[in-house]
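**Student:**
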Amino acid sequence: MCDRTNNRHMKNAEISLNNFMSMVDIDFVHQLNSLLMCGNHGDPIVSNDTLSIFRYLRVNNPKMYLHMTTNAGARDDDWWKELVLILGSRGKVSFSVD
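Just so we're aligned: the sequence shown equals residues 18 to 115 in the working numbering.
1. Taking the DSSP output, what are the residues bridged to F112?
2. Is M18 helix, strand or coil when you go by DSSP?
3. Between R107, N57 and L34, which has its C-alpha nearest P79's C-alpha?
4. Does the Cβ-Cβ distance between N88 and V114 come in under 8 Å?
5. In or out: S39 buried (at least 16 other Cβ within 10 Å) or exposed?
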């Protein structure tokens, strides 16, 4: 069995926007040059607040480069269009086959 999906010692959870903002405050966001969102234990697009987190980062640091790695299977066209608007010319998505 895969330890990533069947690990009884790991809680199945996600980071909400509020959790993220409490861990990564605006002063810290201003210091960042880039952020990579990838899933060692899940795909970032599955999280309910991925777009909100990227929007928070973009609004507070427009120069920051945002990057996401995903298999792209869990969202519809509207979600991807919104992500493109948030990323603009300062970001990219890498699509990976699992």
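Just so it is clear, CB atoms sit at the ideal spot from N, CA and C, and this is done for glycine as well.
**Tutor:** From the atom records:
1. T87
2. Its pLDDT being 43, under 50, M18 is placed unreliably in this model, and the value from its coordinates should be taken loosely. In this structure, M18 counts as coil in the three-state DSSP scheme.
3. R107
4. yes
5. exposed
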